[in-house]
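In this note's numbering, the protein residues as written are 224 to 785. Virtual Cβ for every residue (Gly too), placed ideally from N, Cα, C.
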Ligand code: CAO
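Encoded structure:
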């Protein structure tokens with residue numbers, strides 16, 4: 224049998240002690256090469272640590288909420304048959320190491336069902352005020368059955384607070400946490416990510432001090448189908464799990480946060496750390512729209528929401544009117560397919576940018592007749608170097624000139640909303656269309672590279688993007704983004720700013736047009752430019768000057784090659 228491979232956290236840039244926000248696989252799962260095993264989240268971004276090669280998960284060494292750094296072993300992978308020979312090669316690339324096949328036990332083994340059943344029976348008989356083991360079961364979750372566990376938020380041995388989410392369930396309509404009914408220590412985790420659970424299923428066992436238990440509390444702790452439960456229907460989700468009446472929410476006054484709706488708070492999709500943070504600030508998670516993976520509420524969402532409330536509410540995207548839910552099958556045959564992983568991650572980010580940054584798009588045209596002649600003249604030299612010389616390399620070089628002339632475009636708005644962070648470097652992102660979705664690789668220091676270097680990096684990064692091999696650090700640090708649909712078509716579009724950048728340049732397909740030179744119409748190759756910008760930072764006049772200047776730099780085509 225092949226040796227197991229230790230999968231380690233790769234180089235994650237300047238970050239240390241990064242939080243594991245999701246464990247995407249379970250022991251025994253078969254995984255493909257590049258499949259995400261865990262998700263890490265820094266202040267800036269979420270990223271997956273992928274499997275270096277196909278195989279079976281022989282052990283998991285981390286749990287949600289753990290902190291990891293470069294080199295931390297996160298899982299043991301039993302290579303798929305036939306891939307053993309590649310293992311050592313892969314190790315080098317991924318920082319993985321082999322270990323003896325025997326060392327494959329999961330770091331968070333599960334306790335047995337027999338123990339928890341017994342514990343549950345004894346818990347029902349135990350007097351109030353005693354420390355005892357209780358079973359936490361899926362409460363009444365309305366009309367849903369066999370709901371997917373999308374996240375296990377705790378591991379065995381972990382101390383939890385009352386109301387802290389233990390697992391997250393996701394139905395077609397909503398994500399909800401099953402919370403701990405009491406503070407205590409997790410003695411067993413009974414579900415894994417990907418399991419399907421229904422009302423009454425045991426999700427965990429907890430050693431807790433149970434004082435003054437009310438009938439309502441009993442119902443949540445052991446509210447399964449097997450219990451003699453009171454009438455069903457009034458305790459959807461976790462509404463009664465706190466045993467406290469939920470204070471009725473009231474509108475926010477300026478400088479004041481609305482009261483927390485406890486039942487909504489318990490159901491909100493957020494990690495324990497974010498829950499604690501929200502409690503500290505008095506923020507109601509039920510009111511916050513999550514921008515993280517699968518709509519998870521991040522620390523930044525909480526901060527942003529609190530800031531907006533203190534400024535008088537609105538604007539952050541929280542409390543947006545919902546699009547009505549429609550049963551499309553009433554009108555004809557339908558098929559429901561999962562979004563790609565990239566779309567699930569990029570969707571909330573695009574939406575966060577769209578709702579946070581007031582967008583305006585400035586359209587313009589650049590005469591690139593001369594630039595295209597230069598590009599064609601360089602094409603064969605580029606080909607000799609194995610590089611394709613497309614207009615995009617020139618456009619990125621021209622953008623650097625415009626960014627130097629208009630530094631406010633090479634900036635980000637400080638989260639305090641009162642300062643602009645001006646960047647003295649010129650790292651440019653470009654949108655790349657891949658079979659899995661849209662990604663934005665970044666070319667660093669474009670100002671210090673000639674057009675051949677830029678074209679070569681464009682080709683390399685676009686190739687990696689299409690193969691799904693981009694590393695996280697190759698998508699970080701951009702100051703400004705170019706989104707080119709020039710190779711496809713169209714005359715104009717409205718790109719969404721890649722926040723926290725403040726502007727993005729959309730480029731459409733160049734076309735030969737008759738242009739009046741004062742005496743005659745001349746055939747000129749005209750490139751459509753669509754600059755979207757964050758109107759909190761950029762004014763319309765500045766945007767018009769920016770595109771005008773950019774068009775002039777492209778027309779002259781000076782200082783773009785070297
Ligand atoms: N006008 C006319 N022709 C253009 C052009 C333009 N603006 N831009 C590129 N072309 C031509 C190229 O010269 C090339 O032609 P040849 O093969 O004859 O030289 C052809 O179109 C294809 O170019 P390309 O698309 O392969 O290369 P690129 O450098 O222009 O773009 C990349 C690379 C990765 C940006 C592109 O492949 C891509 O993914 N574009 C989609 C980006 C996207 O989805 N944006 C929308 C996001 S929402 O904001």
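Given residue i as reference, the closest of the options once Cα atoms are compared
i: residue 353; options: 564, 430, 417, 378; result: 430
i: residue 782; options: 616, 691, 661, 720; result: 616
i: residue 576; options: 636, 377, 588, 732; result: 636
i: residue 418; options: 604, 368, 544, 481; result: 368
i: residue 587; options: 714, 609, 235, 294; result: 714
i: residue 386; options: 658, 650, 494, 589; result: 494
i: residue 755; options: 773, 728, 598, 285; result: 728
i: residue 631; options: 648, 620, 639; result: 648
i: residue 401; options: 379, 373, 380, 381; result: 373
i: residue 679; options: 613, 732, 260; result: 613
i: residue 639; options: 358, 592, 764, 528; result: 528
i: residue 730; options: 773, 581, 697, 393; result: 773
i: residue 665; options: 555, 654, 659; result: 654
i: residue 594; options: 405, 777, 234, 264; result: 777
i: residue 634; options: 392, 700, 585; result: 700
i: residue 235; options: 270, 226, 510, 562; result: 270
Residue i burial status per 10 Å Cβ neighbour count (16 or more: buried)
i: residue 785; result: exposed
i: residue 739; result: exposed
i: residue 498; result: buried
i: residue 606; result: exposed
i: residue 547; result: exposed
i: residue 717; result: exposed
i: residue 302; result: buried
i: residue 590; result: buried
i: residue 624; result: buried
i: residue 566; result: exposed
i: residue 690; result: exposed
i: residue 769; result: buried
i: residue 356; result: buried
i: residue 703; result: buried
i: residue 229; result: buried
i: residue 621; result: buried
i: residue 251; result: exposed
First and last residue of the uninterrupted beta strand (DSSP E) at residue i
i: residue 285; result: Careful: residue 285 lies outside any beta strand (DSSP E) and carries neither H nor E.
i: residue 370; result: 370-375
i: residue 645; result: 643-645
i: residue 556; result: Here residue 556 belongs to no beta strand (DSSP E), and DSSP marks it neither H nor E.
i: residue 626; result: Residue 626 -> not in any beta strand (DSSP E); alpha helix (DSSP H) instead, spanning 614-628.
i: residue 229; result: 227-231
i: residue 543; result: Counting along the chain, residue 543 falls outside any beta strand (DSSP E), and DSSP gives it neither H nor E.
i: residue 391; result: 388-393
i: residue 635; result: 634-636
i: residue 738; result: 734-739
Paired residues, beta bridge with residue i - DSSP
i: residue 590; result: 749
i: residue 427; result: 359, 412
i: residue 782; result: Answer by DSSP bridge pairing: none, since residue 782 is not bridged.
i: residue 651; result: 666, 703
i: residue 516; result: Bridge partners of residue 516: none, in fact.
i: residue 298; result: 230, 283
i: residue 382; result: 408
i: residue 272; result: 261
Three-way DSSP call (helix, strand, coil) for residue i in this model
i: residue 404; result: coil
i: residue 240; result: coil
i: residue 261; result: strand
i: residue 772; result: helix
i: residue 354; result: strand
i: residue 565; result: helix
i: residue 214; result: Since the first residue shown for the chain is 224 and the last is 785, residue 214 is missing from the structure and cannot be characterised.
i: residue 249; result: coil
i: residue 697; result: helix
i: residue 291; result: strand
i: residue 571; result: helix
i: residue 777; result: helix
i: residue 482; result: coil
i: residue 766; result: helix
i: residue 303; result: coil
i: residue 724; result: strand
i: residue 526; result: helix
i: residue 602; result: helix
Residue i: first and last residue of the uninterrupted alpha helix (DSSP H) it sits in
i: residue 487; result: 485-490
i: residue 202; result: Outside the shown range of the chain (224 to 785) lies residue 202, about which nothing can therefore be said.
Proximity test, residue i beta-carbon vs the ligand NAP heavy atom, cut-off 8 Å
i: residue 708; result: With respect to the ligand NAP, the structure offers nothing, as its ligand set consists of the ligand CAO.
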